[in-house]
Amino acid sequence: MAYIKKKSERKFKITVCNGYKVNGQKRMKAQTITVPSSVPKRGIQQYVMAEAERIEKKFKYGVEESDQTHFEQYAENWLKRQEPFFKATTYAGYKRNLDIVYPLIGGIPLAKLLPMTLEEMCEELRKRPGRGGNCIKETTVQKYLETVSSVLEDAKKNDIIPFNPAHRARKKHFEKEVQHIPQKYEMSKLMRTIQNEPILYRAYYTLAITTGLRRGELCALQWRDITGACELTVRRSR
Numbered sequence: 734m735a736y737i738k739k740k741s742e743r744k745f746k747i748t749v750c751n752g753y754k755v756n757g758q759k760r761m762k763a764q765t766i767t768v769p770s771s772v773p774k775r776g777i778q779q780y781v782m783a784e785a786e787r788i789e790k791k792f793k794y795g796v797e798e799s800d801q802t803h804f805e806q807y808a809e810n811w812l813k814r815q816e817p818f819f820k821a822t823t824y825a826g827y828k829r830n831l832d833i834v835y836p837l838i839g840g841i842p843l844a845k846l847l848p849m850t851l852e853e854m855c856e857e858l859r860k861r862p863g864r865g866g867n868c869i870k871e872t873t874v875q876k877y878l879e880t881v882s883s884v885l886e887d888a889k890k891n892d893i894i895p896f897n898p899a900h901r902a903r904k905k906h907f908e909k910e911v912q913h914i915p916q917k918y919e920m921s922k923l924m925r926t927i928q929n930e931p932i933l934y935r936a937y938y939t940l941a942i943t944t945g946l947r948r949g950e951l952c953a954l955q956w957r958d959i960t961g962a963c964e965l966t967v968r969r970s971r
């Protein structure tokens, strides 16, 4: 909530509170504004209220109005605010997905991101090369859209935009692939087969079988992630 103090007929001090510090003190920020002479007397109050709302949004969320804030600007601010609540691998996944969509929608103001815009983004993403020279899978495209939707949902929650356009974007229907779960005898055969392979492959597949980590998490492991005997910590993903 913004607190407004009148200093003169056209000068006002606007103070915004954004929660509390660890010592219990309020996080306060104040700004003095001067209403332009072009604004008639009857419009002063309306002008001050609009400025108070703009200053409050900028202080609390790091953005101003949706037509002045580009998607990349808001998304980076959102990532920064969410980092304390995300696991390292979750944060890395969001960051990686956003870096891929920025060239497509990063420079578009939030107010101009339409469902049609996001559908066009998905079409461009479908052209990206995947593994083996094929186009990326539809599940991957939907993950990018879900990441964008998370950012836009936050903007909607904070009254930056009236609705989340990602919820209205048309999605392609696709059949989910049936995941093959290796049986115990198959895993035993694999372990025997890789015994004469380089240590890199032995370590990779042994960890994959014994920990169940994802490919990106396995590839991102470093020596310092081994925190004890038969113990490792997942801090990042690739």
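Take the sequence shown: its position 12, counting from 1, is numbered 745 in this note's numbering, and each next residue is one higher. The C-beta atom is built at its ideal place from N, Cα and C for all residues, glycine as well.
How many Å lie between residue i and residue j at the Cα?
| i | j | result |
| --- | --- | --- |
| A902 | A735 | 35 Å |
| Y780 | H900 | 34 Å |
| Q758 | M920 | 58 Å |
| E786 | I841 | 23 Å |
| H803 | R948 | 33 Å |
| E784 | S770 | 15 Å |
| R775 | K754 | 39 Å |
| I766 | Q778 | 12 Å |
| G819 | R968 | For the record, residue 819 in the displayed sequence is Phe; it is not Gly. Distance between the alpha carbons of F819 and R968: 11 Å. |
| C963 | S882 | 39 Å |
| P898 | A953 | 34 Å |
| C868 | Q912 | 19 Å |
First and last residue of the beta strand (DSSP E) that includes residue i?
| i | result |
| --- | --- |
| V772 | Segment: none, V772 is in no beta strand (DSSP E) and carries neither H nor E. |
| I747 | 744-753 |
| I737 | 735-739 |
Identify the continuous alpha helix (DSSP H) that holds residue i and give its terminal residues.
| i | result |
| --- | --- |
| K876 | 871-890 |
| A962 | No alpha helix (DSSP H) contains A962, which DSSP labels as neither H nor E. |
| K909 | Per DSSP, K909 belongs to no alpha helix (DSSP H) and is neither H nor E. |
| V834 | 821-838 |
| S687 | Lying before the first or after the last residue shown, residue 687 is absent from the chain, which here runs from 734 to 971. |
| Q815 | 804-815 |
| I841 | Segment: none, I841 is in no alpha helix (DSSP H) and carries neither H nor E. |
Starting from the C-beta of residue i, find all residues in its chain whose C-beta is less than 8 Å away, skip the five residues before and the five after it, and write them out in chain order.
| i | result |
| --- | --- |
| F729 | Here the chain comprises residues numbered 734 to 971, so residue 729 is not present and cannot be evaluated. |
| E852 | A902, R903 |
So, for residue i: in the same chain, excluding its five sequence neighbours on each side, which residues have a beta-carbon less than 7 Å away from its beta-carbon?
| i | result |
| --- | --- |
| G752 | R760 |
| M854 | V834, L837, I838 |
| Y937 | L951 |
| Y934 | I927 |
| D887 | W811 |
Can you check whether the CB of residue j is closer than 9 Å to the CB of residue i?
| i | j | result |
| --- | --- | --- |
| T822 | S970 | yes |
| T748 | K762 | yes |
| L923 | V884 | no |
| E910 | T939 | no |
| L843 | I893 | yes |
| V772 | K744 | no |
Here's a check: name, in chain order, each residue in its chain whose Cβ is nearer than 6 Å to the Cβ of residue i, leaving out the five neighbours to either side.
| i | result |
| --- | --- |
| T966 | D958, T960 |
Problem set entry | Sufficient close CB pairs (3 or more, under 8 Å) joining the region 843-860 to the region 811-822 | no
Exercise. Between the region 851-866 and the region 785-792, are three or more C-beta pairs nearer than 8 Å?
Worked result: no
Exercise. Is it true that the region 815-830 meets the region 867-885, where meeting means three or more beta-carbon pairs spaced less than 8 Å apart?
Worked result: yes
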